[in-house]
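Take -18 as the starting number for the sequence shown in the numbering used here and just add one per residue. All C-beta atoms in this analysis are idealised placements derived from N, C-alpha and C, irrespective of residue type, glycine included. Since this is a predicted model, take the numbers as computed values, not measurements. Below is one structure, written out as structure tokens; the observations come after it.
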Amino acid sequence: MEYKKETRISTDIEQLFRWHERKGAVSRLTPPWVSLKLVNHSGGIETGTQVHFILKIFGIPFVWQAEHIDYKKNILFRDQQTKGPFKSWIHTHGFEKLSDTESLMVDHVRYQLPFGIFGRMFGPLSRKDMARIFTFRHRVLKDDLEQMPGNFHPMTILVSGASGTIGSALVPFLMTCGHRVIRLVRRKPDPSNDEVFWDPDQGILDLDEDLGIDAVINLNGLDISRGRWTDDQKDKIIQSRTRPTALLIKKMSQRAVTPKVFLSSSAIGYYGHGGERLLTEADSCGDRFISGVCREWEDASRVGNASGMRVVQLRIGIVLTPAGGAVERMVFPFLLGLGTKVSRGDQYMSWISMEDTLGSIHHILFNEDIKGPVNLTAPNPVTNKVFTTTLARVLNRPAWFTLPSFVVRLLWGQMGEETLLDSARVAPQALAETGYQFRFTGIENALRHALGRYGDEG
-18 MEYKKETRIS
-8 TDIEQLFRWH
2 ERKGAVSRLT
12 PPWVSLKLVN
22 HSGGIETGTQ
32 VHFILKIFGI
42 PFVWQAEHID
52 YKKNILFRDQ
62 QTKGPFKSWI
72 HTHGFEKLSD
82 TESLMVDHVR
92 YQLPFGIFGR
102 MFGPLSRKDM
112 ARIFTFRHRV
122 LKDDLEQMPG
132 NFHPMTILVS
142 GASGTIGSAL
152 VPFLMTCGHR
162 VIRLVRRKPD
172 PSNDEVFWDP
182 DQGILDLDED
192 LGIDAVINLN
202 GLDISRGRWT
212 DDQKDKIIQS
222 RTRPTALLIK
232 KMSQRAVTPK
242 VFLSSSAIGY
252 YGHGGERLLT
262 EADSCGDRFI
272 SGVCREWEDA
282 SRVGNASGMR
292 VVQLRIGIVL
302 TPAGGAVERM
312 VFPFLLGLGT
322 KVSRGDQYMS
332 WISMEDTLGS
342 IHHILFNEDI
352 KGPVNLTAPN
362 PVTNKVFTTT
372 LARVLNRPAW
382 FTLPSFVVRL
392 LWGQMGEETL
402 LDSARVAPQA
412 LAETGYQFRF
422 TGIENALRHA
432 LGRYGDEG
């Protein structure tokens, strides 16, 4: 069996090939709905490189190992499964120069399914899944190369919260842009993989002074949408944000050469319940618990202004990805036909695609006119009712049910009130004024890309 996918990309052949040679390329091209964990990667893409993954199929983990068996610079590289779920697998990544400014990306896979005649029964299913995966890969590759400005200088970027939902997507994205990423970890670090140990609770963060840090991206914070908000849980939510932020600001301010820019995550919960009113960065803080959390979080980062750093607070909306957050929790019940709107469904949900989350962060890094709070949301927020019906349509399932507000309050108390019933209709004014071009402005296209539900495409 075989599968082939071709895409024209407006970039020169050298840049296209170089993108694939960078650390992070494999993770950047892995769709968020595929449970594929990179365990070990012995090198780049040259002949002899070994790659080791853990792949989960229906929740069952499988080892997938591959070896690169051919390499011709700016022409092709080829990898072959040495151990894994397929009977055989050979993947050729082909590159063709069409002009000085346009190239052709060709992925060609030859494979055999296991279990003989029984495995062949799943041939159409495997082809459909292959089309979903490679449609995603080619769209990401094309957009990254065509929309990335070509005049920026690579940075050394320190990232906290790198293993979180956004961080795990951001790190490979930054790497394939050509940046060096230093990850802060709370376990034994691997210095060869640019990891540095820290313990915010103990105030521990030791960075080599000779290591030049150009930018910091701070993405720490305990998940607020799990369980009830007891007094103890509220304190943990606040401390998990303010303590790491304060430590990072302190350590960066003490360096002989401070970073040029410090991006610190926050959330649109800052505005509280806004009803149908359109909210921008100029609006004041709300009166909800989440609003107070965001205010303290942002205040902890603003201290960095005194050290000459350009400090930006990222007020992030609902990020559309099945790898974490709201969408991850919604997909399974929706697939079971249990799609449910919350209460009347008229509360606004201000969303943003993962691609635009990453793209806007990169835009902010290099735009010196951007300071202070920035809303990371798409230009077209939708109501919960629209979000629910759109997700159901994308998954080709019904959404007949309604979760009454009194049940929300009964089950989750204040947490349910603020995360499910409050309305935040937020506009990305700062991004719009500085010329950021969104990849996804409509909720349906954004969900289709995030979930690989492209219809007949691919």
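Rounded distance between the beta-carbons of residue j and residue i, thought under 8 Å
| i | j | result |
| --- | --- | --- |
| ALA431 | MET335 | 6 Å |
| ASN365 | GLN328 | 5 Å |
| SER234 | GLY285 | 6 Å |
| SER331 | GLY298 | 4 Å |
| GLY428 | VAL375 | The sequence as given places Leu at residue 428; Gly does not occur at that position. Their Cβ separation, rounded to whole angstroms, is 5 Å, which keeps LEU428 and VAL375 in contact under 8 Å. |
| LEU200 | SER246 | 5 Å |
| GLU2 | GLY25 | 5 Å |
| LEU57 | HIS74 | 6 Å |
| VAL166 | VAL140 | 10 Å between Cβ atoms; not a contact. |
Span separating the alpha-carbon of residue i from that of residue j
| i | j | result |
| --- | --- | --- |
| VAL363 | HIS49 | 46 Å |
| ILE138 | LEU151 | 11 Å |
| VAL300 | PRO225 | 22 Å |
| LEU346 | LEU295 | 12 Å |
| ARG113 | SER341 | 25 Å |
| ILE98 | SER107 | Low per-residue confidence applies at ILE98: pLDDT is 48, beneath 50, and the placement is therefore not dependable enough to give any value. |
| ARG390 | ASP60 | 53 Å |
| LEU155 | GLY208 | 33 Å |
| PHE115 | VAL292 | 38 Å |
| PHE313 | LEU357 | 26 Å |
| ILE351 | LYS169 | 36 Å |
| PHE315 | THR371 | 11 Å |
| MET102 | ILE71 | Note that MET102 scores a pLDDT of 44, beneath 50, so its modelled location is shaky; the value from the coordinates is reported in the next line. Roughly 21 Å separates the two Cα atoms. |
| GLY439 | ILE(-10) | Reliability of the predicted coordinates at GLY439 is poor, the pLDDT of 37 falling under 50, and no value is obtained from them. |
| TYR92 | LYS64 | 13 Å |
| ALA411 | GLY256 | 21 Å |
| ILE445 | LYS231 | Because the chain spans -18 through 439 in this model, residue 445 falls outside it and cannot be assessed. |
| VAL87 | ASN132 | 27 Å |
| TRP0 | LEU244 | 25 Å |
| LEU260 | VAL407 | 5 Å |
| PHE117 | LEU10 | 8 Å |
| GLN505 | ILE38 | This structure cannot speak to residue 505, because the chain is shown only from -18 to 439. |
| ARG283 | GLY289 | 11 Å |
| ASP51 | LEU17 | 23 Å |
| MET111 | GLU27 | 24 Å |
| PHE67 | VAL7 | 19 Å |
| GLN31 | CYS275 | 44 Å |
| ALA307 | ASP(-7) | 38 Å |
| HIS344 | ASP125 | 12 Å |
| ARG378 | GLY5 | 35 Å |
| LEU36 | HIS89 | 21 Å |
| TRP278 | THR223 | 5 Å |
| ASP171 | ASP187 | 14 Å |
| CYS158 | ASP180 | 29 Å |
| GLU(-13) | THR302 | 25 Å |
| LYS(-15) | HIS119 | 12 Å |
| ASN55 | LYS78 | 9 Å |
Among the options, the one whose alpha carbon lies nearest that of residue i
| i | options | result |
| --- | --- | --- |
| PRO13 | GLY267, GLU309, SER23 and SER331 | GLU309 |
| PRO360 | GLY253, ALA405 and PHE382 | ALA405 |
| PHE270 | ALA248, VAL375 and ILE(-10) | ALA248 |
| GLU(-5) | THR82, GLU262 and GLN418 | THR82 |
| ALA237 | ILE205, ILE194, PRO135 and TYR251 | ILE194 |
| ALA440 | GLY253, ILE219, GLY142 and TRP70 | Since the first residue shown for the chain is -18 and the last is 439, residue 440 is missing from the structure and cannot be characterised. |
| TYR251 | LEU17, ASN174 and PRO354 | PRO354 |
| ASP216 | GLY202, LEU228 and LEU229 | GLY202 |
| VAL121 | GLU279, LEU36, GLY25 and LEU(-3) | LEU(-3) |
| ILE147 | PRO181, GLU277, ILE198 and CYS158 | ILE198 |
| ALA373 | ARG434, VAL388, GLU27 and SER386 | ARG434 |
| THR239 | SER386, THR415 and ALA196 | ALA196 |
| SER69 | HIS33, GLU425, LEU94 and LEU79 | LEU94 |
| GLY253 | GLY423, GLY326 and GLU398 | GLU398 |
| GLU262 | SER386, ALA413 and PHE387 | ALA413 |
| ILE185 | ALA227, ILE41, ARG420 and THR422 | ALA227 |
| GLY516 | GLY416, THR400, ASP337 and LEU402 | In the structure as shown, the chain begins at -18 and stops at 439. Residue 516 is therefore absent and cannot be evaluated. |
8 Å Cβ cutoff, residue i in contact with chain B
| i | result |
| --- | --- |
| ASP204 | The chain labelled as chain B is not found in the depicted structure, where only one protein chain is given. |
Is the segment 317 to 327 touching the segment 380 to 387, taking contact as three or more C-beta pairs under 8 Å?
yes
Check your understanding: Can you list, in chain order, the stretches of the alpha helix (DSSP H) that have 4 or more residues and sit fully within the segment 260 to 292?
Key -> 270 to 283
Is there contact between the segment 13 to 22 and the segment 172 to 180, where contact requires at least three CB pairs shorter than 8 Å? no
Please give me, in chain order, every unbroken run of the alpha helix (DSSP H) with length at least 4 that falls completely inside the segment -15 to 61. -6 to 2 and 6 to 9
Entirely within the segment 381 to 431 and at least 3 residues each: give me those beta strand (DSSP E) ranges in chain order.
-> 382 to 384
Hey, is the segment 366 to 373 in contact with the segment 32 to 45, meaning 3+ C-beta pairs nearer than 8 Å? Note that the segment 366 to 373 does not touch the segment 32 to 45; fewer than 3 beta-carbon pairs, one per stretch, sit closer than 8 Å.
Inset, instruction - Identify every run of the beta strand (DSSP E) within the segment 177 to 259, keeping only runs that are complete inside it and at least 3 residues long; order them along the chain. - result: 196 to 199 and 242 to 248
Q | beta strand (DSSP E) runs contained entirely in the segment 92 to 164, provided each spans 3 or more residues | A | 137 to 141
Does the contact criterion of 3 or more C-beta pairs under 8 Å hold for the segment 180 to 192 versus the segment 251 to 267? no
For a minimum of 3 consecutive residues, which ranges assigned as the beta strand (DSSP E) are wholly contained in the segment 294 to 324?
If we require 3 residues or more, the beta strand (DSSP E) runs fully inside the segment 294 to 324 come out as 299 to 301 and 321 to 323.
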